[in-house]
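Those sequence lines, one after another, are chains H and Y. All letters in the first sequence, in the order written, are residues 38 to 384 by the numbering used here. All letters in the second sequence, in the order written, are residues 38 to 384 by the numbering used here. All C-beta atoms, glycine included, are put in the ideal place defined by N, C-alpha and C. Shown next, in structure tokens, is the structure this report addresses.
Number of protein chains: 2
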Amino acid sequence: MTPPAHDSVRAVAWDDGALRLLDQRALPQRVDYLRCTGAPAVARAIHDMAVRGAPAIGIAAAYGVALAARARYAAAPATWKQAIETDLALLLDARPTAVNLRWAVERMRAKIGALAGDPGEALLNEARAIHEADVAANRRMGELGAALIEPGSGVLTHCNTGALATGGYGTALGVIRAAYAAGKITQVYAGETRPWLQGARLTAWELAQEGMPVTLIADSAAAYLMAQGKVRWVIVGADRIAGNGDTANKIGTYSLALAARRHGVKFMVVAPLATLDTNISSGREIPIEQRPAGEILTLNGQPVAAPFATAWNPSFDITPADLIDAWVNETGVVFQPAPAKIRALAG
Amino acid sequence: MTPPAHDSVRAVAWDDGALRLLDQRALPQRVDYLRCTGAPAVARAIHDMAVRGAPAIGIAAAYGVALAARARYAAAPATWKQAIETDLALLLDARPTAVNLRWAVERMRAKIGALAGDPGEALLNEARAIHEADVAANRRMGELGAALIEPGSGVLTHCNTGALATGGYGTALGVIRAAYAAGKITQVYAGETRPWLQGARLTAWELAQEGMPVTLIADSAAAYLMAQGKVRWVIVGADRIAGNGDTANKIGTYSLALAARRHGVKFMVVAPLATLDTNISSGREIPIEQRPAGEILTLNGQPVAAPFATAWNPSFDITPADLIDAWVNETGVVFQPAPAKIRALAG
Numbered sequence: 038m039t040p041p042a043h044d045s046v047r048a049v050a051w052d053d054g055a056l057r058l059l060d061q062r063a064l065p066q067r068v069d070y071l072r073c074t075g076a077p078a079v080a081r082a083i084h085d086m087a088v089r090g091a092p093a094i095g096i097a098a099a100y101g102v103a104l105a106a107r108a109r110y111a112a113a114p115a116t117w118k119q120a121i122e123t124d125l126a127l128l129l130d131a132r133p134t135a136v137n138l139r140w141a142v143e144r145m146r147a148k149i150g151a152l153a154g155d156p157g158e159a160l161l162n163e164a165r166a167i168h169e170a171d172v173a174a175n176r177r178m179g180e181l182g183a184a185l186i187e188p189g190s191g192v193l194t195h196c197n198t199g200a201l202a203t204g205g206y207g208t209a210l211g212v213i214r215a216a217y218a219a220g221k222i223t224q225v226y227a228g229e230t231r232p233w234l235q236g237a238r239l240t241a242w243e244l245a246q247e248g249m250p251v252t253l254i255a256d257s258a259a260a261y262l263m264a265q266g267k268v269r270w271v272i273v274g275a276d277r278i279a280g281n282g283d284t285a286n287k288i289g290t291y292s293l294a295l296a297a298r299r300h301g302v303k304f305m306v307v308a309p310l311a312t313l314d315t316n317i318s319s320g321r322e323i324p325i326e327q328r329p330a331g332e333i334l335t336l337n338g339q340p341v342a343a344p345f346a347t348a349w350n351p352s353f354d355i356t357p358a359d360l361i362d363a364w365v366n367e368t369g370v371v372f373q374p375a376p377a378k379i380r381a382l383a384g
Numbered sequence: 038m039t040p041p042a043h044d045s046v047r048a049v050a051w052d053d054g055a056l057r058l059l060d061q062r063a064l065p066q067r068v069d070y071l072r073c074t075g076a077p078a079v080a081r082a083i084h085d086m087a088v089r090g091a092p093a094i095g096i097a098a099a100y101g102v103a104l105a106a107r108a109r110y111a112a113a114p115a116t117w118k119q120a121i122e123t124d125l126a127l128l129l130d131a132r133p134t135a136v137n138l139r140w141a142v143e144r145m146r147a148k149i150g151a152l153a154g155d156p157g158e159a160l161l162n163e164a165r166a167i168h169e170a171d172v173a174a175n176r177r178m179g180e181l182g183a184a185l186i187e188p189g190s191g192v193l194t195h196c197n198t199g200a201l202a203t204g205g206y207g208t209a210l211g212v213i214r215a216a217y218a219a220g221k222i223t224q225v226y227a228g229e230t231r232p233w234l235q236g237a238r239l240t241a242w243e244l245a246q247e248g249m250p251v252t253l254i255a256d257s258a259a260a261y262l263m264a265q266g267k268v269r270w271v272i273v274g275a276d277r278i279a280g281n282g283d284t285a286n287k288i289g290t291y292s293l294a295l296a297a298r299r300h301g302v303k304f305m306v307v308a309p310l311a312t313l314d315t316n317i318s319s320g321r322e323i324p325i326e327q328r329p330a331g332e333i334l335t336l337n338g339q340p341v342a343a344p345f346a347t348a349w350n351p352s353f354d355i356t357p358a359d360l361i362d363a364w365v366n367e368t369g370v371v372f373q374p375a376p377a378k379i380r381a382l383a384g
């Protein structure tokens, strides 16, 4: 079997003793890579969005922990487990909303607790396991989600949830890939995703790599697109899912869910179990990252707005569970997510 | 009384025998003016969006007819009324959605029919009358709309509906001006209004001219802003209103109306009677202008999306009447617009 072209897109990779990140700020104009040799560089890459997407930043952080352990153990073999706490905190603080970041760091921390001697190989293997499990979860979610889609469908996605945002293949975009391969999708629409334009810069680029047709829209055009009957499913990822099914995802997702409900368009969230935060009971408790006003007030570094304007720039919003028809995770599909169904999953 | 600063913003003005247009493509970086001496230049300025906003393009077209009449009469005094039809068609075709353009050209055509001899002065006076009536209508709508707003309100607007979009003062922004002057508004939120960024470039500039606080948001953040309880009214203009109250306005308006309804936020349309098209019974019949894909695929002339991506770029959408709480026009307020109420108005 010829490997599909998307396997060539590796946002996060371990390469010759360091973490190699595809710098997503330069796409689609340039395909540049960053080489991170320590946790501070990884945390900075996450904070500055060289790597983004909830699963991808979790994986990057796991490799970051492995890098940190190598350095801390080399510097002070007796006390490295105390010293590495600084690195873990740095990684945890890099972005506040995606729970995958915390999940990955906590898993690495648990591994650290069980180690004796040089931690290098064991932690690198743990990071690799997280990475491989994410790709496998995406493949499985792709199958499960694609099975829900009727042949001849137009679908709409938001932000970027593909190979660039994950360990590989993608969450929402993985479902779209699988459904497209199965001949079920006639047209993919992608919101450009202001202010960072992940849809225009990243999703269009990923789909173009594979020859899939993609039509960009202004995010605000989605409701009118649905009114035209062009969309059967809205398919999105998630950065954190609360115990009641409320879902934090890229700003604009909530608007899509409202428009979908008005038009009888189905709404699918595709996210691995690591996205679930059972510590919180509703979306109100999810911390929402505020990004710099400059992302709204400038374009390509040039001011676009009048000098006295300010901006409110939340990076995520909350879609209430009542607007979600299906949450696809690697264990199955939760239809109409609700607390009891989610407790059963987490149990 | 000191004249308010907004009177200094004149998007459309008759100046020394020609039409002077503030070139809105250059704002807020540069305040440039175009001097149009004939109908083709006016039609081009409308088509290319040097002048935009439904009332403003109607007024510009009226002056364009006056310019055309001067030239056609000078060239052929006996047959100018036939010859000018070419100019009228050019102006009518410049943009398809705003009915004010057609309304203004038809009013000028009616005047032409009644004229004998040199039409120059009479048609210039007719254009001036249209212009002055628009400003007066805006002032009146400002009072009527402001009366609906509760003290201490946050309001959200979309696109630009101010002095730049009208003969002066503004429609939706006129209501916001009047309500702000009355001390009722604590915060103005403005959607940046992709793809053309009228909110960021024009509305923020206009409000900053008057020292009013304005906070820009990504259009897709509006629903989440409402979920935070920050908005009591959404206040927008209109390009065409059908006989049943369905309203065409800048793309994204419909999304705002859906989010407003979900959150109990009131939705106000502010547009003069000239925006009503009684020839059509519902929004389905309103022609929606498709703008070039390049507006989505490039930023500041630089490509932003992958080379193989396409875009769907409707400039307007339709907000169904059932989502509109109040239509403010210069004769009063139509609450919950519906066919019978609108027929009574037009009668």
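Once the 5 residues before and after residue 118(H) are set aside, which same chain residues still bring their CB inside 7 Å of it?
Around residue 118(H), the same chain offers 149 as residues with beta carbons nearer than 7 Å, after the five sequence neighbours per side are excluded.
Express the C-alpha separation of residue 213(Y) and residue 122(Y) in angstroms, rounding to a whole number.
So the two alpha carbons sit approximately 39 Å from each other.
Go ahead and label residue 356(H) buried or exposed: buried means 16 or more other beta carbons lie within 10 angstroms of its beta carbon, across all protein chains shown.
The C-beta of residue 356(H) has 16 or more other C-beta atoms within 10 Å across all chains shown, which makes the residue buried.
Residues of its chain near residue 177(Y), where Cβ-Cβ distance is below 6 Å and the 5 sequence neighbours each way are ignored:
Leaving aside the five residues that flank residue 177(Y) on each side, the residues in its chain whose CB is nearer than 6 Å to its CB run, in chain order, 367.
Nearest-angstrom Cα distance between residue 87(H) and residue 62(H)?
If I take the Cα positions, the gap works out to 6 Å.
Tell me which same chain residues have a C-beta within less than 8 Å of the C-beta of residue 351(Y), skipping the five on either side of it?
Closer than 8 Å at the Cβ level, and outside the excluded window around residue 351(Y), lie 288, 325, 326, 327 and 328.
When the distance is taken between beta carbons, is residue 290(Y) closer than 8 Å to residue 91(Y)?
For the pair residue 91(Y) and residue 290(Y), the CB atoms are not nearer than the 8 Å cut-off.
Would you decide whether residue 310(Y) is buried or exposed? Buried here means 16 or more other CB atoms lie within 10 Å of its CB.
Residue environment analysis places residue 310(Y) among the exposed positions, since fewer than 16 neighbouring C-beta atoms fall within 10 angstroms of its C-beta.
Can you grab the Cα-Cα spacing for the pair residue 18(H) / residue 126(Y), in whole Å?
Examination of residue 18(H) is not possible in this model, given that chain H is present from 38 through 384 alone.
Compute the Euclidean distance between the alpha carbons of residue 96(H) and residue 53(H), then round it to the nearest angstrom.
Approximately 17 Å, taken between the alpha carbons.
Could you compute how far the alpha carbon of residue 151(H) sits from the alpha carbon of residue 89(H)?
Residue 151(H) and residue 89(H) have their C-alpha atoms spaced approximately 30 Å apart.
With a Cβ-Cβ cutoff of 8 Å, do residue 128(H) and residue 98(H) count as a contact?
At a Cβ-Cβ threshold of 8 Å, residue 128(H) and residue 98(H) count as neighbours.
Going along chain H in order, which residues have a C-beta closer than 7 Å to the C-beta of residue 257(Y)?
Within chain H, the residues near residue 257(Y) are 231, 256, 257, 288, 289 and 292.
Exposed or buried, which one is residue 46(Y) when buried takes at least 16 other CB atoms within 10 Å?
Looking at its Cβ environment, which holds 16 or more other Cβ atoms inside 10 Å, residue 46(Y) is buried.
When DSSP labels each residue in this structure, what does residue 70(H) get in the three-state scheme?
Strand.
Who are the Cβ neighbours of residue 296(H) in its own chain at under 7 Å, not counting the five residues just before and after it?
259, 260 and 263.
Under 7 Å between beta-carbons, which chain Y residues line up against residue 345(H)? List them in chain order, please.
One finds 245 in chain Y with Cβ atoms closer than 7 Å to the Cβ of residue 345(H), taken in chain order.
Residue-level contact to chain Y via CB, residue 139(H), 8 Å cutoff:
Taking Cβ atoms only, chain Y never reaches closer than 8 Å to residue 139(H), which makes this a no.
In terms of residue numbering, what span does the alpha helix (DSSP H) encompassing residue 327(Y) cover?
According to the DSSP assignment, residue 327(Y) belongs to no alpha helix (DSSP H), since it is labelled neither H nor E.
Residue interval of the alpha helix (DSSP H) (run including residue 352(Y))
In this chain, residue 352(Y) is not harboured by any alpha helix (DSSP H), its DSSP state being neither H nor E.
C-beta contact flag for residue 389(H) and residue 209(H) at 8 Å:
In the structure displayed, chain H extends from 38 to 384; residue 389(H) sits before or after that span and is not available.
Opposite residue 207(H) in the DSSP bridges: which residues?
In the DSSP assignment, residue 207(H) forms a beta bridge with 199(H).
Below 8 Å, can you find three or more Cβ-Cβ pairs linking the region 362–380 of chain Y to the region 273–280 of chain H?
With a cut-off of 8 Å, the region 273–280 of chain H and the region 362–380 of chain Y do not count as touching, because too few Cβ pairs lie within range.
If you follow the alpha helix (DSSP H) that residue 139(Y) is part of, which residue opens it and which one closes it?
For residue 139(Y), the enclosing alpha helix (DSSP H) begins and ends at 136–150.
Using a C-beta cutoff of 8 Å, does residue 217(Y) count as contacting chain H?
No, no contact with chain H.
Tell me, which residues are paired with residue 304(Y) by DSSP?
Note: residue 304(Y) sits in a beta bridge opposite 271(Y).
For the beta strand (DSSP E) containing residue 224(Y), name the first residue and the last one.
Its beta strand (DSSP E) spans residues 222–228.
Given a threshold of 16 other Cβ atoms within 10 Å of its Cβ, counted over all protein chains shown, does residue 116(Y) qualify as buried or as exposed?
So residue 116(Y) counts as exposed.
If you follow the beta strand (DSSP E) that residue 316(Y) is part of, which residue opens it and which one closes it?
For residue 316(Y), there is no enclosing beta strand (DSSP E), as DSSP marks it with neither H nor E.
Alpha carbons only, please: which of 80(Y), 84(Y) and 85(Y) is nearest the one belonging to residue 103(Y)?
The residue with the shortest Cα to Cα distance from residue 103(Y) is 80(Y).
Using the Cα positions of residue 339(Y) and residue 132(Y), report the straight-line distance between them to the nearest angstrom.
Going from the Cα of residue 339(Y) to the Cα of residue 132(Y) covers about 26 Å.
Where residue 67(H) and residue 59(H) are concerned, what is the direct C-alpha to C-alpha distance, given to the nearest angstrom?
A straight-line Cα-Cα distance of about 10 Å links residue 67(H) and residue 59(H).
Looking at chain Y, is there any beta carbon in it that lies within less than 8 Å of the beta carbon of residue 38(H)?
No answer about residue 38(H) holds up, because its pLDDT of 29 lies below 50 and its placement is not dependable.
Kindly indicate if chain Y contains any beta-carbon less than 8 Å away from that of residue 368(H).
Residue-level contact by beta carbon fails for residue 368(H) and chain Y, as no gap is shorter than 8 Å.
Determine, using beta carbons only, whether residue 251(Y) comes closer than 8 Å to chain H.
So, interface residue.
Verify the CB distance criterion: does residue 283(Y) have a CB-CB separation below 8 Å to chain H?
Closer than 8 Å: no.
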